[in-house]
Structure formats: structure tokens, C-alpha cells
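Input: a single structure, listed below in C-alpha cells.
Number of protein chains: 2
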Amino acid sequence: MPETRLRLRLHFGPASMFGPGRADLLEAIAEHGSISAAGRKTGMSYRRAWSLVEALNSGFKTPLVDSSRGGSAGGGARLTETGIAVLAHFRNLEAILAKAGAQDIEALQSLAVDMHDGK
Amino acid sequence: MPETRLRLRLHFGPASMFGPGRADLLEAIAEHGSISAAGRKTGMSYRRAWSLVEALNSGFKTPLVDSSRGGSAGGGARLTETGIAVLAHFRNLEAILAKAGAQDIEALQSLAVDMHDGK
DNA sequence: TTACGACATGTTCGGGCGAACATATCGATA
DNA sequence: TATCGATATGTTCGCCCGAACATGTCGTAA
């Protein structure tokens, strides 16, 4: 069975949203301790990764990422408690959907054309 | 509390996907019996509505929309059994997510900036 | 005090997608 | 057989967003 990707996205106001891309970025930042490393890991330019971090930090009441400059390592970034919480809630929503919606997802998948055959 | 919109999107192969926009369109077609009326209802041009219908029909093993031309009414469109099923499964997934994920959604919402205040 | 690595920020360019506009076609009914 | 409303399809335009490129800034350790 081919993979069916689920994309979940939450829209709070007009200037605040959260989806898979930002979740992956937060996860990579938590893992590597830097925005640039996270950018490389997730295949996006540092420019874009930083822009997303900025959007995330201004899109929530409390910043999600805490960054620092200078030092022997050049600087770094870590998730704040809020960042950890947001990521956890989002991943949990994905898990809930995948589990509780398995029936419907499988049904839809069986109706859709899969990528291998002509149709 | 401001509304938090949930957007769920399923990606089957590279040429087959289903999300809120197409779901709304299908729903409007079912309700009005024509692509053009559905387009007006959902606020999209007929051109776009028709394009989406074409994408939907070719994105599933069986067409989701059955259309006909001519006649006194000019023509019309109806959902096929598959179309009805796809729409139902999608709406069900949305409902499942909203219900089972209520806790997480509310938590995220409380952390995000809402659209009314400065921050 | 120099060097290094990451943060921070501006600018330009190109591609993809929807909007808008323009036609052509069909067929039951009056 | 003329009409009418909806399907069917092509084409052009403008905008937004990410990609790519460029440059400046910071602070600790060597």
C-alpha cells in the first residue's frame, strides 16, 4: 500500500498558524540545538528557517524558540516550554487522527488512484 | 474565544489529494445540482470549480462527479456514489479530529495570539 | 584580539496558482 | 428550429511565496 500523507494545519487568527513544516522545524531545532542545523536537516535554507522561527515566535503569546548569538559554537537555539508544548500537542493531534481515523483514511485511500499504476 | 479553523488534507499519490476546498465544492454540487451554482456558492469562478472537478474525477479510480450537458436546464452535475462516500469519509475525519482532539486544540488555541488584541 | 560559527536581515528572481476574460458546444423544451 | 443555461476549454495576467544570493553582527575560546 502506498503511503498516504496526512497534513493537518491549524489556523488561529490571520497571523498565527501551525502545520507540518513548522512542526518538523521545531523538532529539528530541539534535536540539533540550532536553527541553521535544523534548516539543513529539514531541507530548507537558513533564511527560510529563520523566517519561520520569527513567525512562530510572534504568532504565539510566548516565544517558541529561544535563540542566542556568539560564543564558541557561534550561537544556538532551543525550544522554550511553550515550544515543547505546542509541538507535543500538534504531534498528538496527528496521532489521534491517524488512529481514530484509520477506517476512513483506509477507505479513502482505496478509492484514490495510487501512484504506481496508470489508473 | 475566536474561531480556530482546522484544515485537514490528504495526499495520496502526487496527482491525487483531497482537502477542505474540494470537500466544500462537492457539498455544494450535491446541494445545487450544478458546477456553476456550486462555484457561485463557494465563491470560486466556474473555471476553477470545473478544474477541481476534473482533478477530482481523475484523482480517484471512479469519478466523483457525474455531469451532463444540454437540456432545458442547460445541464447539471451530481455526485456519484463514490463522490458521496469520499465526502462523507472526509467530513467524518474532520469530526473525529474536532472531537477527539478537542483537548489539544483548545490548549494550542490558548497559547496562540488571537486576532483581536495586540498580543 | 582574532577567528569562527551561528544568528540576523535585506534584496532580487522565478515558478506556480488562481483570477479574469473569451469562446465553443450541447440538447431538451417551447 | 431557435433559445437558453450549463458544461467544456483555451489564454493571459498578476500576485504571493519560497529560493537564492549577499552582508552584517554577536560572543566565547584559543
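As they're listed, the protein sequences go chains R and B. Residue numbers for the first sequence follow the working numbering, so the first one is 432 and each next one is one higher. Residue numbers for the second sequence follow the working numbering, so the first one is 432 and each next one is one higher. Cβ atoms here follow ideal geometry from the backbone N, Cα and C, with glycine treated the same way.
Kindly list the residues whose CB is nearer than 6 angstroms to the CB of Gly532/B, restricted to its own chain and excluding five residues on each side of it in sequence; keep chain order.
Within the second sequence, numbered from 1, the residue matching residue 532/B stands at position 101. If we look at Gly532/B and ignore the five residues flanking it on each side, it has no Cβ neighbours.
State the Cα-Cα distance for the pair Leu456/R and Ser489/R, rounded to the nearest angstrom.
On the first sequence, position 25 is the one that residue 456/R refers to. On the first sequence, position 58 is the one that residue 489/R refers to. Straight-line Cα distance between these residues: approximately 16 angstroms.
Can you tell me whether Ala469/R is buried or exposed? The criterion is at least 16 other CB atoms within 10 Å of its CB, across all chains shown.
Residue mapping note: residue 469/R aligns to position 38 of the first sequence, counting from 1. Its Cβ being crowded by 16 or more others within 10 Å, Ala469/R is buried.
Is the distance from the Cβ of Val517/R to the Cβ of Leu483/R below 7 angstroms?
Translated into the one-based positions of the first sequence, residue 517/R becomes position 86. Translated into the one-based positions of the first sequence, residue 483/R becomes position 52. No, Cβ-Cβ distance for Val517/R and Leu483/R is not below 7 angstroms.
Can you pull the chain R residues whose beta carbon is under 9 angstroms from the beta carbon of Val544/B, in chain order?
Locating residue 544/B in the second sequence gives position 113, where the first residue counts as 1. Phe443, Gly444, Ala446, Ser447, Ser489, Gly490, Phe491 and Lys492, listed in chain order.
Counting contacts by CB-CB distance shorter than 7 angstroms, is Asp535/B in contact with chain R?
What you label residue 535/B is simply residue 104 of the second sequence in a count that begins at 1. It does: the Cβ of Asp535/B has a partner Cβ on chain R nearer than 7 angstroms.
Applying the 10 Å Cβ sphere with the 16-neighbour rule, what's the burial state of Leu439/B?
As a first step, residue 439/B must be located in the second sequence, where it is residue number 8. The residue in question, Leu439/B, is buried, as its Cβ has 16 or more Cβ neighbours within 10 Å.
For the region 511-534 of chain R, list every residue whose C-beta sits within 8 angstroms of some C-beta in chain B, in sequence order.
From the region 511-534 of chain R, only Thr513, Ala516, Val517, His520, Phe521, Asn523, Leu524, Ile527, Leu528, Ala531 and Gly532 have a Cβ closer than 8 angstroms to chain B.
Mind checking Ser503/B: buried by the 16 CB within 10 Å criterion, or exposed?
For this step, residue 503/B is matched to residue 72 along the second sequence. Ser503/B is exposed by the Cβ-count criterion.
I'd like to know if Thr435/B contacts chain R, where contact means its C-beta is closer than 7 angstroms to some C-beta of that chain.
Sequence index remark: in the second sequence, residue 435/B carries index 4 (1-based). Yes, Thr435/B counts as interfacial toward chain R.
On a Cα-Cα basis, can you pick out the residue from Gly514/B, Arg522/B and Glu434/B that is closest to Leu542/R?
Position 111 of the first sequence, counting from 1, holds the residue named residue 542/R. The shortest Cα separation from Leu542/R among Gly514/B, Arg522/B and Glu434/B belongs to Gly514/B.
Please classify Gly446/R as buried or exposed, where buried requires at least 16 neighbouring CB atoms within 10 angstroms.
Taking the first sequence and counting its residues from 1, one reaches residue 446/R at position 15. It is Ala, not Gly, that sits at residue 446/R in the sequence shown. Label assigned to Ala446/R: exposed.
Looking at the strands, I want to know which residues DSSP matches up with Arg438/B.
Stepping through the second sequence from its first residue, residue 438/B is reached at position 7. The partner list for Arg438/B (beta bridge, DSSP) reads Arg440/R.
So what does DSSP say about Ala446/R, is it helix, strand or coil?
Translated into the one-based positions of the first sequence, residue 446/R becomes position 15. Residue state, collapsed to three classes: coil.
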